[in-house]
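Participant: Numbering (my numbering), first residue to last: 6 to 174. Even glycine gets a Cβ: it sits at the ideal position worked out from N, Cα and C.
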Amino acid sequence: MTIQSLRTDDCIDAVFEEYSDMIFRLAFSHVKTRTDAMDICHEVFMRYIKKNMTFECEEHRKKWLVKATVNCCKSFFHSAWYRRCVSAEDYEDASQSPFEAFDTRADVHNALSKIPRKYRTVIHLFYFEEMSVKEIADTLDLKESTVKSQLMRARNMLHDLLKGEYFSE
Numbered sequence: 006m007t008i009q010s011l012r013t014d015d016c017i018d019a020v021f022e023e024y025s026d027m028i029f030r031l032a033f034s035h036v037k038t039r040t041d042a043m044d045i046c047h048e049v050f051m052r053y054i055k056k057n058m059t060f061e062c063e064e065h066r067k068k069w070l071v072k073a074t075v076n077c078c079k080s081f082f083h084s085a086w087y088r089r090c091v092s093a094e095d096y097e098d099a100s101q102s103p104f105e106a107f108d109t110r111a112d113v114h115n116a117l118s119k120i121p122r123k124y125r126t127v128i129h130l131f132y133f134e135e136m137s138v139k140e141i142a143d144t145l146d147l148k149e150s151t152v153k154s155q156l157m158r159a160r161n162m163l164h165d166l167l168k169g170e171y172f173s174e
């Protein structure tokens with residue numbers, strides 16, 4: 006897509022088709038339930054439509070959508086509704102991810118859910134969305150060295166959580 010306004014339904018549909026799965030996966034990696042991930046996905050697209058933004062290239066559109074998703078996830082955890090209505094047990098036994106076809110994936114997903122959100126975000130963007138360190142840094146307004154450090158720390162945390170099951174000590 007070139008620089009264009011969101012005035013046409015076709016353009017909105019095309020953006021939704023292109024990015025809805027990515028946004029859902031990123032939101033799901035944070036909130037752990039399909040319902041909450043769908044709510045965040047809808048919120049991101051509503052913000053996108055309301056702002057009626059134009060982008061120089063698809064890379065800028067993708068960057069904005071990822072950043073909006075991360076911000077919506079942060080807002081979700083700070084919302085009064087979340088603090089009042091959701092207990093910790095609800096998120097420990099969350100429904101399975103669409104990625105969990107095998108026990109290995111389920112174990113990795115479970116381990117991912119146990120690491121802090123900032124590390125989970127960079128791991129998700131790097132491995133699941135196949136973004137480069139530079140793209141992640143640009144998207145999250147971080148230095149490349151910070152992204153590399155967070156990736157290393159996240160990998161170490163995952164290694165520690167999965168030790169014994171998949172790694173020899």
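(1) Starting from the Cα of L31, find the closest Cα among R66, E64, N76 and K55 and give me that residue.
(2) Drop a sphere of 10 angstroms on the beta-carbon of D41, count the other beta-carbons inside from all chains shown, and report buried for 16 or more, exposed for fewer.
(3) Can you list the beta strand (DSSP E) stretches of 3 or more residues lying completely in the segment 131-174, in chain order?
(4) Leaving aside the five residues before and after M162 along the sequence, list all residues of the same chain whose C-beta is less than 6 Å from its C-beta, in chain order.
(5) Classify S137: buried if its beta carbon has 16 or more other beta carbons within 10 angstroms, exposed otherwise.
(6) Determine the burial state of M58: buried for a count of at least 16 other Cβ atoms within 10 Å of its Cβ, exposed for fewer.
(7) In chain order, which alpha helix (DSSP H) runs of at least 4 residues are fully inside the segment 6-83?
(8) Report the rounded CA-to-CA distance for V71 versus I28, giving the unit in angstroms.
(9) Note down the Cα distance separating E154 from H65, rounded to an integer number of angstroms.
(10) Does the distance from the CB of F81 to the CB of V49 come in under 8 Å?
Facilitator: A quick look at the data gives this:
(1) N76
(2) Buried, by the Cβ-count rule.
(3) If we require 3 residues or more, the segment 131-174 turns out to have no beta strand (DSSP E) run fully inside it.
(4) I120
(5) exposed
(6) exposed
(7) Qualifying alpha helix (DSSP H) stretches, in chain order: 14-36, 39-56 and 63-83.
(8) Rounded to the nearest whole angstrom, the CA to CA distance from V71 to I28 is 7 Å.
(9) Correcting the residue type first, residue 154 is Ser in the shown sequence and not Glu. Straight-line Cα distance between these residues: approximately 24 Å.
(10) Judged by their CB atoms, F81 and V49 are not nearer to each other than the 8 Å cut-off.
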